[in-house]
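In our numbering, the protein residues as written are 49 to 270.
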């Protein structure tokens, strides 16, 4: 699915050949390095091109302006995160709630914190760009992945699966957003998965209707 780009933030062209892909990857990596070393306010296409070892003209072949470059880097970052979550959720269809929570939380926390400084830098970038439409697309994909997974839980079912998936995602996103905003120490990352597992599993177990109990009620009714 092609993501919606804000007006004026489309890349000029997409890399096709291996050499072009490598060039764009170098530009992306250089953008992160400049963001971390110089800050968003001092980031320019000239600085990025110099760090990437390419000419400004080469950079402009792909990105017509700084904002388009920043959006492309943000998109790469978020696509990696949503992709990790989608794969994790799909891998545990039919499993228990506990296994689902452990797997999805671990994948999401890892995707967000493996490159913590990058996540923090791009979190700030997202507020500088008109990226709300794209962010909503990412959120919709996250929600759909969790909803599809929860529908297959082996030990529970939910009366309002849409709201349950929404709250599950919010329970994961909220603490991580606070972690990025507050620039909390890296030491807080250790043990974060376990804490989020407790939070999410506790909520899901409270909202769930155990399938075994349902079967017993149905048998009594017959």
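We put the CB at the ideal spot given by N, CA and C, even for glycine.
query, result
"Nearest to residue 118 (by Cα), restricted to the options 143, 150, 147 and 83", "83"
"Minimum Cβ-Cβ distance from residue 195 to chain D less than 8 Å", "The chain labelled as chain D is not found in the depicted structure, where only one protein chain is given."
"Stretch-stretch touch, CB-based, cutoff 8 Å, three pairs: the segment 144-155 with the segment 198-217", "yes"
"The segment 118-132 contacting the segment 170-185, beta-carbon criterion three pairs below 8 Å", "yes"
"The segment 95-112 contacting the segment 154-161, beta-carbon criterion three pairs below 8 Å", "no"
"Start and end residues, alpha helix (DSSP H) containing residue 74", "66-86"
"Exposure label - residue 200; buried when at least 16 CB within 10 Å", "exposed"
"Sequence-distant residues of the same chain with beta carbon closer than 8 Å to residue 132, five excluded per side", "155, 156, 158 and 159"
"Residue 218 - containing alpha helix (DSSP H), residue span", "209-230"
"Residue 235 - containing alpha helix (DSSP H), residue span", "It is not in any alpha helix (DSSP H) - residue 235 carries neither H nor E in the DSSP assignment."
"Counted within 10 angstroms of its Cβ, other Cβ atoms place residue 277 as buried (16 or more) or exposed", "Because the chain spans 49 through 270 in this model, residue 277 falls outside it and cannot be assessed."
"Closest by C-alpha distance to residue 177, when choosing among 116, 93 and 188", "116"
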